[in-house]
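Numbering (my numbering), first residue to last: 886 to 1046.
Quick reminder that beta carbons are idealized off the backbone N, C-alpha and C, glycines included.
Just so we're clear, the structure is a prediction, and the values are computed from it rather than from any experiment.
Notes for the one structure printed next.
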């Protein structure tokens, strides 16, 4: 795996915090995804070897938790809540507006490489739906107009790079 030296150092340090190496599986996966942006296929074998466990034990964790990505995403990650309260308040329309703004489909990288849009289950803000997260920033009461404003802000930030 092609990890930054500082990530490798953090991985070695994190492992020392656990009496059983296996317990470091989640933190290691987070560190790798933070460095690379997703968990490439070789992650399973690499982490298993590092923690002296079977690859299936790592694969189970990667496939169980939805925060782990197994393929690259755009520079910005837009997650749209699709649970009942957000759906009833227009979450699907909000999602459609975002996809239209970036000319992209669900779980795809937009043509400009800027975003990936995906549905998620509950962003824990049911009283203020529809809600979305852009990277790690929660946005509440996101109707279609607000979705277009957020998209415009993302595009403006991208243009400044």
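Practice problem: Give the DSSP bridge partners of residue 1004, in chain order. | Solution: Here residue 1004 refers to the residue found at position 119 of the chain shown. 965.
Quiz item: Assuming residue 966 contacts residue 1007 under a Cβ cut-off of 8 Å, what Cβ separation, rounded to an integer in Å, is found between them?
Solution: Walking along the chain shown from the start, residue 966 turns up at place 81. Walking along the chain shown from the start, residue 1007 turns up at place 122. Correct: roughly 6 Å between the Cβ atoms.
Quiz prompt | Cα-Cα separation between residue 889 and residue 950, rounded to whole angstroms | solution = Position 4 of the chain shown, counting from 1, holds the residue named residue 889. Position 65 of the chain shown, counting from 1, holds the residue named residue 950. The straight-line gap from Cα to Cα measures roughly 24 Å.
Exercise. Measure how close the beta-carbons of residue 938 and residue 895 come, nearest whole angstrom, since I'm counting them as under 8 Å.
Key: Within the chain shown, residue 938 is the residue found at index 53, counting from 1. Within the chain shown, residue 895 is the residue found at index 10, counting from 1. Taking C-beta atoms under 8 Å as the contact rule, residue 938 and residue 895 fail to qualify, at a distance of about 19 Å.
Quiz item: Expressed to the nearest angstrom, what Euclidean distance is found between the alpha-carbon atoms of residue 930 and residue 1015?
Solution: Residue 930 sits at position 45 when you count from the first residue of the chain shown. Residue 1015 sits at position 130 when you count from the first residue of the chain shown. In a straight line, the C-alpha of residue 930 is about 39 Å away from that of residue 1015.
Quiz prompt | Stretch-stretch touch, CB-based, cutoff 8 Å, three pairs: the segment 1019-1028 with the segment 986-997 | solution = As far as the Cβ criterion goes, the segment 1019-1028 does not touch the segment 986-997, which means the pair count is below three.
Practice problem: Go ahead and pull the three-state DSSP assignment for residue 1027. | Solution: Position 142 of the chain shown, counting from 1, holds the residue named residue 1027. Residue 1027 sits in coil when the DSSP states are folded into three classes, being neither helix nor strand.
Quiz item: Residue range of the alpha helix (DSSP H) that residue 1019 falls in?
Solution: Here residue 1019 refers to the residue found at position 134 when the chain shown is read from its first residue. Premise fails: residue 1019 lies in the beta strand (DSSP E), 1017-1019, not in any alpha helix (DSSP H).
Exercise. May I ask you to verify whether the segment 941-950 touches the segment 990-1000, counting CB pairs closer than 8 Å and requiring at least 3?
Key: Short answer: they don't touch.
Quiz item: Helix, strand or coil: which one does DSSP assign to residue 1022?
Solution: Stepping through the chain shown from its first residue, residue 1022 is reached at position 137. If DSSP states are grouped into helix, strand and coil, residue 1022 belongs with the strands.
Exercise. Mark residue 974 as exposed unless 16 or more other C-beta atoms lie within 10 angstroms of its C-beta, in which case mark it buried.
Key: Within the chain shown, the letter at position 89 stands for residue 974. Buried, by the Cβ-count rule.
Quiz item: For residue 1035, which three-state DSSP category applies?
Solution: The residue given as residue 1035 occupies position 150 in the chain shown. In the three-state scheme derived from DSSP, where H, G and I count as helix and E and B as strand, residue 1035 is classed as helix.
Self-check item: Backbone secondary structure at residue 983 - three-state DSSP
Solution: Your numbering for residue 983 matches position 98 in the chain shown. DSSP, reduced to helix, strand and coil, places residue 983 within a helical segment of the structure shown.
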